[in-house]
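Below is one structure; the comments refer to it alone.
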Amino acid sequence: MTATPVAPPTTTAPAPARRLERSLGVGFGIAVGVGSMIGAGILRAPAEVARQLPMPSLFLGAWLLGAVYALLGANAIAELACLVPRSGGQYVFVRKALGGYPGFLVGWNDWLSTSGSVAAIAIVEAEAIGALLPPLASLTVAMAEIAVAITTIVLLRGLRASDRAQRTTSVLKALVLLALVAACIGWRVLGGKVAASPQAIPAPRGFSLLAALAIALQGVIFAYDGWTGVVYFSGEVRDPGREIPRALVGGLLSTMSLYVLLNLAFLVVLPLSALAAAPLAAASAASVVFGSKGGLLVQLLIALAMPSALVANALCASRVAYALGQDGLAPSRFGRMNASGTPSSALLGSALAAALLLLSGTFERIIAICAFLFVASYALSFLSVFVLRRREPDTPRPYRAWGHPWTTSVVLLASLAFLGATLAADPRGAAIVAALLVLSYPAYRIITRRAA
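Now the structure itself:
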């Protein structure tokens, strides 16, 4: 009797892990950069800059100088983002260049500060809605939570929905701000007269001018913060070597143009000394142009402009959490995607962090601390350009930083000077940063031991 051959047991190969889809282009990159940068900062920072630099040339020069810093930074970071085209922001290439612990610091700070930014922007949005609809004014936190929830629901629909949401809200924001510029200039052209200036603030000179410039640049740099927006999506850009540098520069030039136009518009209707005393420059300018209704119009402007920043920061936070989850530095579920190609757990985790920060009421202090560490992250990124150029000189680089090492050195030294000035101005914040750094290393060791 012939034995019947037995077929070997069949095994099903595991399905390859889903990866983020490469479908984003320059348009999205510019939109997410504009969305990340233009927020409450441009509405509040002009007053501090005017107080420190009470001359129109110095005032406008500070905004241009901040743009130069950001452009030089973009020049350096574009090389890194093209060399390591993986979504996750600066964490990705700091970890590659400097190792696990610096990457851990940058990644967790980036995620917490960006989630905190979502909370802060949601509060600003809710306050604007409350000013327009007084019965809702007492429900600020609840409305902010709803804003975070609606943003998250929209972004959970997938990358294409996120792309459309970011482009649409960023275009709306730009149009609203340009409308304010046109209104101010139109008022002046039609015969509007600038009010008599209160007592002028004397312009600083010598060393006092340098100190004043350093303080003014803190507000300006924070207003430009977010210019790295497209870097968070390096693994989703169709042609990183070509499109990331264009998106970084395009987003910055667009924002710089809007900032300069807005500040010119403020100077057209307000004397510089009045601008220095205005807690919200846009509101003061609108009150001159539109009278008693100006304040409400600015609240409408804020309500229309903030969704773009909400979308951008929620998207960026989710990409950092996704990269941390993939590398075992955050819950592993953060590193997974849903059927629509969205890192849904990372997005929900970031929304939960923002919601908890809203309930705690401490997010403003958290953002202040994280903002310092974020500039430190820039410094580590610029240092990474030097490290990877030395360690991997022959690795193909789709984009090479123009003028390196000189341009990278300038922006690295500027970052270090900025950090020093910030620490000197806020000793309490410096103590908190030092304590966080001391506690962070044991946390890193515990997390990496568990992941192993």
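Residue 693 is where the sequence shown starts when you use this note's numbering, and the numbers rise one by one after that. Every residue gets a Cβ at the ideal spot worked out from N, C-alpha and C, and that includes glycine.
> Excluding five sequence neighbours on each side, which residues of the same chain lie with their C-beta closer than 7 Å to the C-beta of V873?
Replying inline: On the sequence shown, position 181 is the one that residue 873 refers to. The answer, listed in chain order, is L953, L954 and A957.
>> Does L712 pass the burial test, meaning 16 or more other C-beta atoms within 10 Å, or should it be called exposed?
In response: Within the sequence shown, numbered from 1, the residue matching residue 712 stands at position 20. L712 counts as buried, since no fewer than 16 other beta carbons sit within 10 angstroms of its beta carbon.
>> Just to confirm my understanding: we take Q910, look at its own chain, exclude 5 residues before and 5 after, and list those with CB closer than 6 Å. What are they?
In response: Within the sequence shown, numbered from 1, the residue matching residue 910 stands at position 218. If the five residues before and after Q910 are omitted, its C-beta is found closer than 6 Å to no C-beta atom of its own chain.
> When you compare only the Cα positions, how much space is there between L945 and A903?
Replying inline: Position 253 of the sequence shown, counted from the first residue, corresponds to residue 945. Position 211 of the sequence shown, counted from the first residue, corresponds to residue 903. Those two C-alpha atoms are separated by around 27 Å.
> Does the ligand GTP have a heavy atom nearer than 7 Å to the CB of I994?
Replying inline: Summarising the ligand content, the structure contains no ligands, and the ligand GTP is consequently not present.
> When the distance is taken between beta carbons, is F1110 closer than 8 Å to I907?
Replying inline: By one-based count along the sequence shown, residue 907 stands at place 215. By one-based count along the sequence shown, residue 1110 stands at place 418. The Cβ-Cβ distance between I907 and F1110 does not fall below 8 Å.
>> Whole angstroms are fine: how far does the CA of F1026 sit from the CA of T920?
In response: Taking the sequence shown and counting its residues from 1, the one referred to as residue 920 is at position 228. Taking the sequence shown and counting its residues from 1, the one referred to as residue 1026 is at position 334. A direct Cα-Cα distance of roughly 22 Å separates T920 from F1026.
>> Suppose the cutoff is 6 Å on Cβ atoms and the five residues either side in sequence are ignored; what does the same chain contact list for A811 look like?
In response: If you number the sequence shown from 1, residue 811 lands on position 119. The answer, listed in chain order, is A1046, L1049, L1050 and F1055.
>> Just to confirm the assignment: which complete alpha helix (DSSP H) runs, minimum length 4, are found wholly within the stretch 1002-1065?
In response: Secondary structure within the stretch 1002-1065: the alpha helix (DSSP H) runs of 4 or more consecutive residues, fully enclosed, are 1036-1052 (chain order).
> If we ignore side chains and look at the alpha-carbon of each, how far apart do L967 and S976 end up?
Replying inline: Taking the first residue of the sequence shown as position 1, residue 967 is located at position 275. Taking the first residue of the sequence shown as position 1, residue 976 is located at position 284. Taking the straight line joining both Cα atoms gives about 8 Å.
> What do you get for T704, buried or exposed, if any count of 16 or more other CB atoms within 10 angstroms of its CB means buried?
Replying inline: Taking the sequence shown and counting its residues from 1, one reaches residue 704 at position 12. At T704 the pLDDT is 41, less than 50, meaning the model places this residue with poor confidence and gives no usable figure here.
>> To the nearest angstrom, how far is the alpha carbon of A1022 from that of L797?
In response: Locating residue 1022 in the sequence shown gives position 330, counting from the first residue. Locating residue 797 in the sequence shown gives position 105, counting from the first residue. Inter-residue distance for A1022 and L797 is about 12 Å (C-alpha atoms, whole angstroms).
> Is it right to say T844 is buried, meaning 16 or more other beta carbons lie within 10 angstroms of its own, or is it exposed?
Replying inline: The residue given as residue 844 occupies position 152 in the sequence shown. Buried.
> From I877 to E819, what distance separates their C-alpha atoms?
Replying inline: Taking the first residue of the sequence shown as 1, we reach residue 877 at position 185. Taking the first residue of the sequence shown as 1, we reach residue 819 at position 127. Each residue's CA atom was taken as its position, placing I877 and E819 some 28 Å apart.
> Which whole-angstrom value describes the C-beta separation of F720 and D855, a residue pair presumed to lie in contact below a C-beta threshold of 8 Å?
Replying inline: Residue numbering aside, residue 720 sits at position 28 when the sequence shown is read from its first letter. Residue numbering aside, residue 855 sits at position 163 when the sequence shown is read from its first letter. Beta-carbon to beta-carbon, F720 and D855 are separated by about 5 Å, close enough to satisfy the 8 Å threshold.
> Excluding sequence positions up to five away, which residues of its chain have a Cβ less than 7 Å from the Cβ of S1024?
Replying inline: Looking up residue 1024 in the sequence shown gives position 332. Taken in chain order, the residues that qualify are G1017.
> What does V929 pair with, by DSSP beta-bridge criteria?
Replying inline: Counting from one through the sequence shown, the residue named residue 929 turns up at place 237. When DSSP reads this structure, V929 sits in a beta bridge with L716.
> Tell me which same chain residues have a C-beta within less than 8 Å of the C-beta of G1095, skipping the five on either side of it?
Replying inline: In the sequence shown, the residue the question calls residue 1095 occupies position 403. Excluding sequence neighbours, G1095 sits near N767.
>> Check for me: the alpha helix (DSSP H) holding D855 runs from which residue to which?
In response: Position 163 of the sequence shown holds residue 855. Per DSSP, the unbroken alpha helix (DSSP H) holding D855 starts and ends at L851 to V881.
>> On a Cα-Cα basis, can you pick out the residue from A970, L940 and R714 that is closest to A723?
In response: For the purposes of this step, residue 723 is identified with residue 31 of the sequence shown, where counting begins at 1. Of A970, L940 and R714, the residue nearest in Cα terms is L940.
> Which residues bound the alpha helix (DSSP H) around G765?
Replying inline: By one-based count along the sequence shown, residue 765 stands at place 73. Per DSSP, G765 belongs to the alpha helix (DSSP H) from P748 to L775.
> With a Cβ-Cβ cutoff of 8 Å, do S830 and G727 count as a contact?
Replying inline: Against the sequence shown, residue 830 aligns to sequence position 138. Against the sequence shown, residue 727 aligns to sequence position 35. The answer is no: Cβ separation not under 8 Å.
> Any beta-carbon of chain D closer than 8 Å to the one on S1042?
Replying inline: Considering every chain present, this structure includes no chain D. It has just one protein chain.
> If you pair each beta-carbon of the stretch 773-781 with each one of the stretch 929-940, do three or more pairs fall below 8 Å?
Replying inline: The answer is yes - the stretch 929-940 touches the stretch 773-781, with three or more Cβ pairs under 8 Å.
> My guess is that Y783 and G799 are in contact by the Cβ rule of under 8 Å, so how many angstroms apart are they, rounded?
Replying inline: Here residue 783 refers to the residue found at position 91 when the sequence shown is read from its first residue. Here residue 799 refers to the residue found at position 107 when the sequence shown is read from its first residue. Indeed they touch by this definition, with Cβ atoms about 3 Å apart.
>> Assuming contact is defined by CB atoms lying nearer than 8 Å, are W879 and V1012 in contact in what I supplied?
In response: Reading the sequence shown from its first residue, position 187 is the one you call residue 879. Reading the sequence shown from its first residue, position 320 is the one you call residue 1012. No.
> Can you give the beta carbon distance from S1042 to R1028, rounded, assuming they're within the 8 Å contact cut?
Replying inline: Taking the first residue of the sequence shown as 1, we reach residue 1042 at position 350. Taking the first residue of the sequence shown as 1, we reach residue 1028 at position 336. Your pair S1042 and R1028 does not check out as a contact, with CB atoms roughly 14 Å apart and the cut at 8 Å.
> How long is the line joining the alpha carbons of L716 and E928, rounded to whole angstroms?
Replying inline: The residue labelled residue 716 in the question sits at position 24 within the sequence shown. The residue labelled residue 928 in the question sits at position 236 within the sequence shown. In this structure, the alpha-carbon of L716 lies about 6 Å from that of E928.
> Are the CB atoms of R839 and A857 nearer to each other than 8 Å?
Replying inline: As a working mapping, residue 839 is identified with position 147 in the sequence shown. As a working mapping, residue 857 is identified with position 165 in the sequence shown. The sequence shown places Ala at residue 839, not Arg. In this structure, A839 lies away from A857, with their beta-carbon atoms at least 8 Å apart.
>> Since G731 and M998 should fall inside the 8 Å C-beta cutoff, what is the C-beta to C-beta distance between them, to a whole number of angstroms?
In response: As a working note, residue 731 is residue 39 in the sequence shown. As a working note, residue 998 is residue 306 in the sequence shown. 7 Å between Cβ atoms; contact.
> If you draw a straight line from the alpha carbon of R743 to that of S979, how long is it in whole angstroms?
Replying inline: Taking the sequence shown and counting its residues from 1, the one referred to as residue 743 is at position 51. Taking the sequence shown and counting its residues from 1, the one referred to as residue 979 is at position 287. If you take the alpha carbons of R743 and S979, they lie about 20 Å apart.
>> Tell me the DSSP secondary structure of L956 in three-state form.
In response: Numbered from its first residue, the sequence shown carries residue 956 at position 264. In the structure shown, L956 falls within a helical segment according to DSSP collapsed to helix, strand and coil.
> For the alpha helix (DSSP H) that G731 lies in, which residues bound it at each end?
Replying inline: Translated into the one-based positions of the sequence shown, residue 731 becomes position 39. According to the DSSP assignment, G731 belongs to no alpha helix (DSSP H), since it is labelled neither H nor E.
> Going straight from the alpha carbon of T1099 to that of P1088, what length do you get?
Replying inline: Sequence index remark: in the sequence shown, residue 1099 carries index 407 (1-based). Sequence index remark: in the sequence shown, residue 1088 carries index 396 (1-based). Their backbone Cα atoms lie some 21 Å apart in a straight line.
>> What would DSSP say about G884, mapped onto helix, strand or coil?
In response: In the sequence shown, residue 884 corresponds to position 192, counting from 1. Coil, per DSSP.
>> For F785 and S1069, which I take to be in contact (beta-carbon distance under 8 Å), what is that distance rounded to the nearest angstrom?
In response: Walking along the sequence shown from the start, residue 785 turns up at place 93. Walking along the sequence shown from the start, residue 1069 turns up at place 377. The Cβ separation is near 11 Å, so there is no contact.
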